[in-house]
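What follows is a set of notes on a single structure, which appears directly below.
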Amino acid sequence: MSKLICPIDFRYGREEIKKIFSEEAKLGYLLKVEGALAIAQAKVGNIPKEAAEEISRKASLEFVSLDRVKEVERQIKHDIMAVAKALSEVCEGNAKKFVHLGATSYDIVDTANALQFKDALSIIEKDLEELKRTLLSLAKKHKETIMLGRTHGQHSIPITFGLKMAGYAMEVERHIERLRESKKRLLVGKMLGAVGTGAAFGEKALDIQEYVMEELGLRAEDVPTQIVCRDRYVELAGLFVNISSSMEKFATEIRNLQRSEIGEVSEAFDIEKQVGSSTMPHKRNPITCEQICSLARLIRGLSSVAYENAIQWHERDLCNSANERFWIPHCFILTDWILYQMNGVFSNLIVNVDRMKENIEKAKGLPLAEAVMMLLVKKGMGREEAHELVRRCSLEAELRKVHLIEVLKEEERIKKLVSYEELENALKPENYLGKAVEIVERTLRKFGMEV
64 MSKLICPIDF
74 RYGREEIKKI
84 FSEEAKLGYL
94 LKVEGALAIA
104 QAKVGNIPKE
114 AAEEISRKAS
124 LEFVSLDRVK
134 EVERQIKHDI
144 MAVAKALSEV
154 CEGNAKKFVH
164 LGATSYDIVD
174 TANALQFKDA
184 LSIIEKDLEE
194 LKRTLLSLAK
204 KHKETIMLGR
214 THGQHSIPIT
224 FGLKMAGYAM
234 EVERHIERLR
244 ESKKRLLVGK
254 MLGAVGTGAA
264 FGEKALDIQE
274 YVMEELGLRA
284 EDVPTQIVCR
294 DRYVELAGLF
304 VNISSSMEKF
314 ATEIRNLQRS
324 EIGEVSEAFD
334 IEKQVGSSTM
344 PHKRNPITCE
354 QICSLARLIR
364 GLSSVAYENA
374 IQWHERDLCN
384 SANERFWIPH
394 CFILTDWILY
404 QMNGVFSNLI
414 VNVDRMKENI
424 EKAKGLPLAE
434 AVMMLLVKKG
444 MGREEAHELV
454 RRCSLEAELR
464 KVHLIEVLKE
474 EERIKKLVSY
484 EELENALKPE
494 NYLGKAVEIV
504 ERTLRKFGME
514 V
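With our numbering, you'll find the sequence shown wraps up at 514, consecutive numbering, no jumps.
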């Protein structure tokens, strides 16, 4: 019988990023930091070079097993001391005397966290880039595909589906910019001991920290306490919140456009095998988008814990420790997952162009009321008068269930200013797209794509 409890273990998430947050990978990161510390200690003359080389060589999963670390931890009830002890056991000669020398546990933990962040953020960045490319492809394909714009859930004026996708692509691009820009604040470790003074490392404490971070490709915390300052982790959480909110926004739009009464886009559906409902045979539900929305809410909920952890007692307490073992890996894994799923939805999206046209036609010219108003203003009528006149005509057309032009052509004030042909042209959606196509093309050029 399976003993798995967390759905991440058996339902959600991809193996590439799960491996980064596995127990074994975490141990590997911790050992890498211990090895870098030994090398740095030798550079400043605190320990023999031969001892540092031995520690560095043995500080790997090849020599230190997860089983042994767990065995030691069961005895001594301290996870990082268990790592240090297991590493010491495999070191030969006097090297074992210098393992973990001068460090506090969170010198190792937080620096290892930064290494995890570095590897995991590279996956998230790649996800965002792939999603952006997919959205740009849709923007290009549908730059002239006319659909109804909607505000407040009601018809507004026409847009193109490509414009919507270009907007999404730029939103994803901003997430890429935020991620890249935040790395200088997120990929940060520390190696200054129990309260951030570096006292146990001696006169060369600051040099040791710099050497460690240089070896690991990280930046050093400017003024640490016992831990890396948690405002950095709050920023990481904010990144997850921002990305997940965008994915829920995109997925919600698809769910709404897939509604039976709209039917303009839909998720791909395997007609041969896929089941939409256990009781209603006709259903084709937007299940992937609904999953994205559900998990996005979970990501935002988990991320909120980071804000609580920013409040520490004095130079630190332990209230962040347990929950960071949950929220950090879960948020990384789930963010990767919803980005992957979102890219899959857009890559296989069914765009029902005919239904978009049908919905415009059903609106009987009302979404072009603004175009008529602007035409009247251009012909000399005041904006306020034109607005009120077209407003009344629109309400009457809706009440009589006729096309807007049928009411407009009866208005004497309108007939004096514009011809029937001019009204017809004003009520054609393709004539009232503004710069929609140009904006899409400008967006494509921004990323070096042909228009």
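Built from N, CA and C at the ideal position, the CB exists for glycine as well.
Would you say E78 and L129 are within 7 Å of each other, going by their C-beta atoms? no
M41 - containing alpha helix (DSSP H), residue span: As shown, the chain starts at 64 and ends at 514. That puts residue 41 outside it, with no answer to give.
Would a C-beta distance cut-off of 7 Å place A499 and L226 closer than the cut-off? yes
Report, in whole angstroms, the separation of the C-beta atoms of V258 and A373, which I expect to be a contact under 8 Å. Contact doesn't hold; Cβ gap of about 18 Å is too wide.
What is the rounded straight-line gap between the Cα of E117 and the Cα of G256? 23 Å
Check whether the stretch 310 to 321 touches the stretch 259 to 279, taking contact to mean three or more Cβ pairs, one atom from each stretch, closer than 8 Å. no
Nearest-angstrom Cα separation, counted from E311 out to I468: 39 Å
Three-state class that DSSP yields for T260 in the structure shown: coil
Which same chain residues, not among the five before or five after C76, have their C-beta less than 8 Å away from its C-beta? Strictly speaking, residue 76 in this sequence is Gly, with Cys absent from that position. Closer than 8 Å at the Cβ level, and outside the excluded window around G76, lie I396, L397, D399, W400.
Counting C-beta neighbours from all protein chains within 10 Å, is the total for I413 16 or more, i.e. buried, or is it exposed? exposed
Classify W390 as buried or exposed, calling it buried when 16 or more other Cβ atoms lie within 10 Å of its own Cβ. buried
Taking only the alpha-carbon atoms, compute the straight-line gap between S410 and S329 and give it to the nearest angstrom. 12 Å
Measure the C-alpha to C-alpha separation of F73 and R295 and round it to an integer number of angstroms. 31 Å
As assigned by DSSP and simplified to three states, the class of M210: strand
Does the beta-carbon of E284 have 16 or more other beta-carbons within 10 angstroms, so that it is buried, or is it exposed? buried
Residues sharing a beta bridge with I413, DSSP: S329
Nearest to M444 (by Cα), restricted to the options K478, V416, K427: K478
Between which two residues does the alpha helix (DSSP H) carrying P70 extend? 70 to 73
So what does DSSP say about G252, is it helix, strand or coil? strand
Euclidean distance between Cα positions of R237 and F332: 31 Å
Cβ-Cβ distance between L67 and G91 below 7 Å: no
Residue range of the beta strand (DSSP E) that I222 falls in? 217 to 223
Outcome for V291 when other beta-carbon atoms lying within 10 angstroms are tallied against a minimum of 16: buried
With a 10 Å radius around its C-beta and 16 neighbouring C-beta atoms as the bar for buried, classify D173 as buried or exposed. buried
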